[in-house]
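Enquirer:
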RNA sequence: GUGGCUAUAGCUCAGUUGGUUAGAGCACUAGAUUGUGAUUCUAGGGGUCGCGGGUUCGAGUCCCGUUAGCCACCCCA
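In my numbering, the protein residues as written are 45 to 491.
1. Considering only residues of the same chain and omitting the five flanking positions on each side of residue 271, which have a CB-CB separation below 6 Å?
2. Any chance you could list the beta strand (DSSP E) runs of at least 3 consecutive residues sitting entirely within the region 77 to 143, in chain order?
3. Considering only heavy atoms of the ligand HEM, does any lie closer than 7 Å to the CB of residue 149?
4. When you compare each of 331, 476, 177 to residue 295 by their alpha carbons, which one comes out closest?
5. Can you check which of these residues, 445, 49, 289, is closest to residue 206 by C-alpha distance?
6. Which term fits residue 378, buried or exposed, when burial requires 16 or more other beta carbons within 10 angstroms of its beta carbon?
7. Let me know if residue 560 comes out buried or exposed under the rule of 16 or more other beta-carbons within 10 Å of its beta-carbon.
8. Locate the alpha helix (DSSP H) running through residue 253, then write down its first and last residues.
9. Looking at the secondary structure, which residues open and close the alpha helix (DSSP H) in which residue 290 lies?
10. What's the gap between the Cα of residue 472 and the Cα of residue 409?
11. Could you tell me the boundaries of the alpha helix (DSSP H) in which residue 209 lies?
12. If contacts are defined as beta-carbon pairs under 8 Å, then residue 133 and residue 354 qualify, I think. What distance do you get, rounded to the angstrom?
13. Once the 5 residues before and after residue 315 are set aside, which same chain residues still bring their CB inside 8 Å of it?
14. Return the first residue and the last residue of the beta strand (DSSP E) that residue 173 is part of.
15. Label residue 345 either buried or exposed according to how many other C-beta atoms from any shown protein chain fall within 10 Å of its C-beta, with 16 as the threshold for buried.
16. From this set, 430, 136, 75, 92, which residue's C-alpha is nearest residue 183's C-alpha?
17. Cβ atoms of residue 81 and residue 165: under 8 Å apart, would you say?
18. Identify every residue that forms a DSSP beta bridge with residue 389.
19. In the DSSP assignment, find the unbroken beta strand (DSSP E) run with residue 362 in it and report its ends.
20. Where do the N-terminal and C-terminal ends of the beta strand (DSSP E) with residue 180 fall, by residue?
21. By DSSP, does residue 448 sit in helix, in strand, or in coil?
22. Apart from the five residues just before and just after residue 151, which ones in its own chain have a Cβ nearer than 6 Å to its Cβ?
23. Leaving aside the five residues before and after residue 58 along the sequence, list all residues of the same chain whose C-beta is less than 7 Å from its C-beta, in chain order.
24. Going by DSSP, what residues sit across from residue 152 in a beta bridge?
25. Measure the C-alpha to C-alpha separation of residue 128 and residue 386 and round it to an integer number of angstroms.
26. Our contact map puts residue 278 next to residue 216 with C-beta atoms below 8 Å; I'd like the distance itself, whole angstroms only.
27. Would you report the Cα separation of residue 469 and residue 448, rounded to the nearest angstrom?
28. Looking at the strands, I want to know which residues DSSP matches up with residue 345.
29. Could you tell me the alpha carbon to alpha carbon distance between residue 221 and residue 383, rounded to whole angstroms?
30. First and last residue of the beta strand (DSSP E) that includes residue 223?
31. Grab the span of the alpha helix (DSSP H) containing residue 306 for me, first residue to last.
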């Protein structure tokens with residue numbers, strides 16, 4: 045016998061989890077579309093040369109690669125951004141700009157696993173390409189806000205910053221050429237203590253006084269306006285720093301005008317993002333109840349997405365929802381629905397002689413948009429209801445020979461353990477309407 | 001990729017300084033109840049103790065390797 049097992053970092057998805065995933069994917073799709081983002085898809089596999097050398101050496105090491113049967117060097121995509129860059133270089137002439145797309149698909153990274161970190165996981169990207177407008181930046185933040193709100197997360201924070209602001213501060217400290225080391229260290233502030241980060245900065249050869257100023261800057265918090273005012277003196281002599289400051293002001297004002305609640309979007313000067321290609325705003329978002337989980341939705345602005353594949357300059361802005369990390373967080377917070385079935389109604393197969401009637405009733409309910417699970421065997425009623433309860437079907441319909449004779453049906457609310465008699469006199473429309481109104485009065489859990 | 005911790009029934013876990021046939025709760029199956037699912041009672045099924053090797057008269061227990069999970073580094077969703 046072969047031992048059934050899955051590869052490290054790869055997982056099966058059982059119905060309860062798959063239902064939660066699909067529900068979030070549906071919400072993401074709806075929110076993205078509500079801003080006019082159009083769906084695209086690209087292959088899981090790309091020529092290796094398309095994928096290598098784009099991020100750091102790390103991403104090259106994490107790349108799943110192999111030689112295919114035709115001798116081609118092939119890689120599996122490790123994010124959706126690089127394939128999108130290739131996609132734009134090939135198709136942007138046909139599509140025109142600005143172009144807004146969303147892309148929800150699995151990616152693969154051969155890195156070590158941890159909670160919420162897997163080797164196969166799904167990303168839900170959206171990007172606006174071909175415009176440098178601040179409105180596109182604003183919409184990116186608003187999409188993230190709408191998305192997390194629609195998923196039903198009450199407490200979350202979107203942290204934004206601007207790479208130019210960081211760059212300006214580094215410039216004025218004479219550290220412009222050390223930006224990669226500095227940004228990586230600052231990025232750890234959420235996890236490591238300020239003292240530890242300061243030590244690391246000094247370890248990189250940065251003067252203690254400069255490290256202190258960087259930390260003071262990165263530790264700023266409070267209302268966005270106050271943070272920006274506090275940072276301003278640090279970039280007075282930096283043109284790009286001022287531009288970043290102005291961009292953040294515009295962005296904060298925009299979110300306010302769009303009706304986002306105060307405190308949901310904050311300026312955090314320590315947000316840097318590891319990826320080198322960001323050049324303007326950067327954003328991360330956190331569950332307030334589980335900040336150690338890390339960012340569940342991140343992104344930013346870049347000047348030139350597809351420079352490696354085309355001479356056309358394509359600036360853009362976008363972000364990505366890490367649905368697997370989010371699900372891990374929601375599970376830890378006990379916010380996931382335990383239901384194992386999409387069925388809204390369980391139809392008990394009571395009396396074998398009435399099979400034709402059951403089939404007719406099930407078809408009528410389904411035609412009305414109600415998901416019906418009809419039990420395939422005429423087993424004991426108790427057994428069937430037990431199955432319905434275990435799966436978490438919210439309602440059951442019991443119709444036996446007595447009910448058929450009387451023209452009635454028993455509607456059972458499984459959670460409330462209540463039973464309602466429906467008089468339908470053999471008229472399917474009456475039954476369907478009654479079931480429909482009884483079902484919509486139930487309360488739906490958030491996720 | 002490096003280091004640390006962990007692995008016993010579907011799930012959560014006991015299992016003594018190494019000692020005979022590895023247990024509990026929950027879950028599952030059947031019955032009490034040939035028409036009613038969170039209660040009760042009765043009976044039952046289910047474990048190569050992650051996997052492989054070693055030490056020993058004897059290993060769930062000790063040692064080595066390996067696989068997987070968690071944690072830290074690294075990086076990131």
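Every residue, glycine too, gets a C-beta built ideally from N, C-alpha and C.
Expert: Taking the definition as stated:
1. In the first chain, residue 271 corresponds to position 227, counting from 1. Within the same chain, residue 271 has close Cβ partners 264, 311.
2. 89 to 91, 109 to 111, 117 to 120
3. Because no ligand of any kind appears in the structure shown, any question about the ligand HEM cannot be addressed here.
4. As a first step, residue 295 is located in the first chain; it is residue number 251 there, counting from the start. The shortest C-alpha separation from residue 295 is found at 177.
5. Taking the first chain and counting its residues from 1, one reaches residue 206 at position 162. For the residues 445, 49, 289, the minimum Cα distance to residue 206 belongs to 289.
6. Translated into the one-based positions of the first chain, residue 378 becomes position 334. Burial call: exposed.
7. Because residue 560 is not part of the residues shown, which for the chain are 45 to 491, the question remains open.
8. Here residue 253 refers to the residue found at position 209 of the first chain. That run of the alpha helix (DSSP H) goes 252 to 262.
9. For this step, residue 290 is matched to residue 246 along the first chain. Its alpha helix (DSSP H) spans residues 283 to 301.
10. The residue labelled residue 472 in the question sits at position 428 within the first chain. The residue labelled residue 409 in the question sits at position 365 within the first chain. Residue 472 and residue 409: Cα-Cα distance of roughly 9 Å.
11. If you number the first chain from 1, residue 209 lands on position 165. Note, residue 209: alpha helix (DSSP H), 207 to 216.
12. The sequence position of residue 133 within the first chain is 89, counting from 1. The sequence position of residue 354 within the first chain is 310, counting from 1. About 4 Å; that satisfies the 8 Å criterion.
13. Locating residue 315 in the first chain gives position 271, where the first residue counts as 1. Excluding residues within five positions, the ones whose Cβ falls inside 8 Å are 203, 204, 205, 231, 326, 327, 328.
14. The residue labelled residue 173 in the question sits at position 129 within the first chain. Segment 164 to 173, the beta strand (DSSP E) holding residue 173.
15. One-based indexing of the first chain puts residue 345 at position 301. With 16 or more Cβ atoms within 10 Å of its Cβ, residue 345 is classed as buried.
16. As a working mapping, residue 183 is identified with position 139 in the first chain. Closest by alpha carbon: 75.
17. Position 121 of the first chain, counting from 1, holds the residue named residue 165. Position 37 of the first chain, counting from 1, holds the residue named residue 81. Cβ atoms of residue 165 and residue 81: not closer than 8 Å.
18. On the first chain, position 345 is the one that residue 389 refers to. Its beta-bridge partners are 416, 439.
19. Taking the first residue of the first chain as position 1, residue 362 is located at position 318. 360 to 366 is the extent of the beta strand (DSSP E) around residue 362.
20. As a first step, residue 180 is located in the first chain; it is residue number 136 there, counting from the start. Note, residue 180: premise wrong, no beta strand (DSSP E); alpha helix (DSSP H) at 178 to 195.
21. Numbered from its first residue, the first chain carries residue 448 at position 404. Here residue 448 sits in helix by DSSP.
22. Here residue 151 refers to the residue found at position 107 when the first chain is read from its first residue. 121, 122, 123, 167.
23. Stepping through the first chain from its first residue, residue 58 is reached at position 14. Same-chain partners within the cutoff: there are none.
24. Taking the first chain and counting its residues from 1, one reaches residue 152 at position 108. Per DSSP, 164.
25. Here the question's residue 128 lines up with position 84 in the first chain. Here the question's residue 386 lines up with position 342 in the first chain. When rounded, the distance between both Cα atoms is 33 Å.
26. Position 234 of the first chain holds residue 278. Position 172 of the first chain holds residue 216. Confirmed, Cβ separation roughly 6 Å.
27. Counted from its first residue, the first chain places residue 469 at position 425. Counted from its first residue, the first chain places residue 448 at position 404. Using only the alpha carbons, I get a separation of about 9 Å.
28. Position 301 of the first chain holds residue 345. DSSP, once it has assigned bridges, lists 361 as partnering residue 345.
29. Here residue 221 refers to the residue found at position 177 of the first chain. Here residue 383 refers to the residue found at position 339 of the first chain. Distance between the alpha carbons of residue 221 and residue 383: 54 Å.
30. Walking along the first chain from the start, residue 223 turns up at place 179. No beta strand (DSSP E) holds residue 223; the alpha helix (DSSP H) holding it covers 223 to 230.
31. Position 262 of the first chain, counted from the first residue, corresponds to residue 306. It is not in any alpha helix (DSSP H) - residue 306 carries neither H nor E in the DSSP assignment.
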